[in-house]
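Everything on this sheet refers to the single structure shown next.
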Amino acid sequence: MTADRADLVAEAIRTGTLAGLPGGHFIDGRFVESASGRRMESFDPGRGKAFATVAAGDGQDIDRAVAAARAALSGPWSRLSPAARGDILMRASRLIAERAARFAVVETLDSGKRLAEAEGDVGGVVKAFAYYAGAADKLQGDSMPVGPDHIGLTIEEPVGVAAQIVPWNYPLSTAARGIAPALAAGCTLVVKPAEQTPFTTLMLAELLHEAGLPAGVLNVVAGTGAEAGAALVAHPGIDHITFTGSVATGQRVMRAAAEHVTRLVLELGGKSPLVVLADCDLDAAVAGIMEAIFENAGQICSAGSRLIVEEAIAEPLLERLVAGAQALRPGHGLGDAGIGPINSPAQLARVAAHVDRARAAGNRILTGGAVVPPEDCGGGWFYQPTIVLAAGPDDPLVQEEIFGPVLTVQVMPDFEAAVVAANATSYALVAGIYTRDHAKAWRFARAVDAGQVYINEFFAGGIAMPFGGNRKSGFGRAKGMAGLRSYCKLKSVVARI
Ligand code: NAD
Numbered sequence: 000m001t002a003d004r005a006d007l008v009a010e011a012i013r014t015g016t017l018a019g020l021p022g023g024h025f026i027d028g029r030f031v032e033s034a035s036g037r038r039m040e041s042f043d044p045g046r047g048k049a050f051a052t053v054a055a056g057d058g059q060d061i062d063r064a065v066a067a068a069r070a071a072l073s074g075p076w077s078r079l080s081p082a083a084r085g086d087i088l089m090r091a092s093r094l095i096a097e098r099a100a101r102f103a104v105v106e107t108l109d110s111g112k113r114l115a116e117a118e119g120d121v122g123g124v125v126k127a128f129a130y131y132a133g134a135a136d137k138l139q140g141d142s143m144p145v146g147p148d149h150i151g152l153t154i155e156e157p158v159g160v161a162a163q164i165v166p167w168n169y170p171l172s173t174a175a176r177g178i179a180p181a182l183a184a185g186c187t188l189v190v191k192p193a194e195q196t197p198f199t200t201l202m203l204a205e206l207l208h209e210a211g212l213p214a215g216v217l218n219v220v221a222g223t224g225a226e227a228g229a230a231l232v233a234h235p236g237i238d239h240i241t242f243t244g245s246v247a248t249g250q251r252v253m254r255a256a257a258e259h260v261t262r263l264v265l266e267l268g269g270k271s272p273l274v275v276l277a278d279c280d281l282d283a284a285v286a287g288i289m290e291a292i293f294e295n296a297g298q299i300c301s302a303g304s305r306l307i308v309e310e311a312i313a314e315p316l317l318e319r320l321v322a323g324a325q326a327l328r329p330g331h332g333l334g335d336a337g338i339g340p341i342n343s344p345a346q347l348a349r350v351a352a353h354v355d356r357a358r359a360a361g362n363r364i365l366t367g368g369a370v371v372p373p374e375d376c377g378g379g380w381f382y383q384p385t386i387v388l389a390a391g392p393d394d395p396l397v398q399e400e401i402f403g404p405v406l407t408v409q410v411m412p413d414f415e416a417a418v419v420a421a422n423a424t425s426y427a428l429v430a431g432i433y434t435r436d437h438a439k440a441w442r443f444a445r446a447v448d449a450g451q452v453y454i455n456e457f458f459a460g461g462i463a464m465p466f467g468g469n470r471k472s473g474f475g476r477a478k479g480m481a482g483l484r485s486y487c488k489l490k491s492v493v494a495r496i
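Residue numbering for the sequence shown is 0 to 496, as defined by numbering that gives the first Met the number 0.
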């Protein structure tokens with residue numbers, strides 16, 4: 000452990016918080032209090048205790064932030080070359096890397112996730128800023144063959160003011176994968192982090208300002224979805240919305256966007272299938288499934304939450320998964336736990352209700368299935384790593400997202416039946432397969448409806464791979480060059496010569 004990291008962890012464990020956390024909204028280049036003067040508490044899920052307060056925003060703060068972002072659209076930012084925008088993003092990438100330990104410890108305190116996972120997230124954010132720094136001056140249009148008397152070409156222009164609504168499970172990474180491409184494209188932004196996890200986004204805004212971003216280009220308003228989020232997505236001064244969160248809220252956001260015909264990217268939930276065939280490398284499959292469902296205590300939109308296993312290998316696979324789940328010790332993210340807490344009491348209650356209902360309906364719990372007290376921190380919100388054998392294909396356990404450490408298992412006679420089962424929910428975010436038969440793997444990749452498909456390594460990829468869903472998992476793409484184009488509007492220009 001570096002001294003910096005060790006000191007921060009020691010301070011957080013000793014005091015239950017960290018000195019110097021941002022406390023206000025970040026609007027027009029500085030931290031400000033809410034117009035109403037109200038503040039709200041933020042909780043450490045590992046202890047179940049409030050560790051800091053932050054400004055609680057509403058429509059008045061959103062108005063201020065949108066006004067700042069609109070003004071900044073025609074300010075010094077609009078006169079920077081794409082390469083100069085890239086330079087700012089590259090400086091930001093380096094600064095985030097320098098302060099990675101602080102970002103990670105704050106993320107663990109606020110979201111609950113294990114420190115190693117938070118460090119992985121911060122590493123991904125460093126790469127995201129570097130990727131879009133390099134992409135800023137590579138956004139180019141095309142020229143079209145419109146005949147000898149004309150020249151036709153396309154220009155990629157920034158969409159304008161981009162709004163981001165961010166959930167609590169990957170606070171910094173989700174914010175960054177929207178902020179970095181939007182800035183590379185030349186947009187300005189208003190970001191509303193989840194009320195449970197505002198701090199790392201506020202820290203990122205301050206850091207970007209330090210890296211050279213002009214005032215007003217990136218604004219962050221903390222607050223609840225009902226007060227700040229709803230005001231932001233209904234605001235006539237925004238040109239684009241990226242919403243990441245639940246299906247129900249996404250539907251509300253879509254209705255609000257319709258009012259002003261605001262462009263929209265929706266990144267919603269999933270019930271993603273992970274198919275394991277009898278010929279797979281069993282060690283790799285076990286490791287992949289454990290990560291796919293127990294990383295971040297299963298609070299991942301793209302979790303591999305539905306194991307579809309070929310009958311011939313079901314018994315040895317499930318035996319190893321049950322042993323693996325039972326070996327994961329729940330505990331505070333700053334300790335050496337195998338699995339961290341659930342982010343809030345409300346989410347813990349939702350997870351428990353799903354499993355209790357499934358048990359009552361005759362689904363067989365193979366391991367876990369209960370709220371559990373942590374071993375090392377005397378409080379907090381924890382759920383046992385859980386594996387449940389599904390009673391049938393229509394059971395809510397198969398059809399509904401739980402967003403916790405709960406693996407649903409469906410046993411299928413063969414590959415063909417597994418493909419049918421993989422496609423049999425209303426979600427289509429990611430899908431995975433473990434097999435040594437590459438023809439089957441590629442047939443699966445073609446046949447499955449999903450925004451991304453993983454073959455023999457779940458969560459493989461990185462910032463270069465576009466990410467997003469189909470059907471109830473949403474539409475539009477983040478990451479990669481597709482993510483950058485989300486923040487552009489295409490203009491066709493034709494000249495008679
Ligand atoms: P949520 O929809 O309740 O909240 C997400 C965000 O929306 C928060 O910032 C919240 O304050 C805000 N919000 C709430 N009501 C709003 C409104 N009326 N108008 C505008 N904003 C509003 O979701 P959650 O329960 O906090 O997050 C978990 C969900 O997010 C899961 O369903 C998960 O699958 C999904 N998710 C999806 C992705 C993805 O990339 N597809 C990533 C992470 C999480």
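Beta carbons: idealized from backbone N, C-alpha and C, even for Gly.
Shorter than 8 Å, the distance from the beta carbon of residue i to the closest heavy atom of ligand 1, or not?
i      : result
GLN398 : no
ARG442 : no
GLN346 : yes
ARG29  : no
ASN168 : yes
GLN451 : no
ARG251 : yes
LEU263 : no
PHE457 : no
SER425 : no
LEU188 : no
ILE178 : no
GLN139 : no
CYS300 : yes
LYS488 : no
ALA193 : yes
ALA352 : no
GLU97  : no
Given this structure, state the Cα-to-Cα distance separating residue i from residue j, to the nearest angstrom.
i      : j      : result
ALA499 : PHE414 : Residue numbering for the chain in the displayed model covers 0 to 496; residue 499 lies beyond these limits and cannot be assessed.
ALA357 : HIS208 : 49 Å
LEU273 : ILE432 : 6 Å
MET39  : VAL121 : 25 Å
ALA227 : GLN163 : 12 Å
PRO213 : TRP76  : 6 Å
ALA444 : GLY211 : 43 Å
GLY287 : LEU79  : 44 Å
ILE292 : TRP167 : 17 Å
PRO147 : GLY482 : 35 Å
ILE462 : ILE299 : 17 Å
GLU106 : LYS137 : 32 Å
MET143 : ARG495 : 13 Å
VAL232 : GLY403 : 28 Å
TRP380 : PRO44  : 6 Å
I need the boundaries of the alpha helix (DSSP H) containing residue i, first residue and last residue.
i      : result
LYS439 : 437-446
MET253 : 246-258
GLN325 : 310-325
VAL264 : Note, VAL264: premise wrong, no alpha helix (DSSP H); beta strand (DSSP E) at 262-266.
GLY165 : It should be noted that the sequence gives Val, not Gly, for residue 165. No alpha helix (DSSP H) holds VAL165; DSSP gives it neither H nor E.
LEU231 : 229-232
What is the DSSP secondary structure of residue i, counted as helix, strand or coil?
i      : result
SER523 : The requested residue 523 is not part of the displayed model; the chain covers only 0 to 496.
THR200 : helix
ILE299 : coil
GLY287 : helix
GLY151 : strand
VAL145 : coil
GLU156 : strand
LYS126 : helix
ALA115 : helix
LYS137 : helix
GLY460 : coil
LEU207 : helix
Going by DSSP, what residue range makes up the beta strand (DSSP E) through residue i?
i      : result
VAL429 : 429-433
TYR453 : 451-454
ALA494 : 487-495
PHE242 : 239-243
VAL220 : Premise fails: VAL220 is in no beta strand (DSSP E) and is neither H nor E.
LEU188 : 187-191
LEU273 : 272-275
Tell me whether residue i counts as near ligand 3, meaning its Cβ is closer than 8 Å to at least one heavy atom of that ligand.
i      : result
VAL232 : In the structure shown, ligand 3 is absent; the only ligands present are ligand 1.
Item checked: beta strand (DSSP E) runs contained entirely in the region 30-112, provided each spans 3 or more residues -> 38-43 and 48-54
Note to self: Runs of 3 residues minimum, wholly inside the region 331-410: which ones carry the beta strand (DSSP E) assignment?
What the structure shows: 363-366 and 385-388
Next item on the list: Starting from the N-terminal side, write out each stretch of the alpha helix (DSSP H) that is 4 residues or longer and does not extend beyond the region 1-25.
Entry: 2-14
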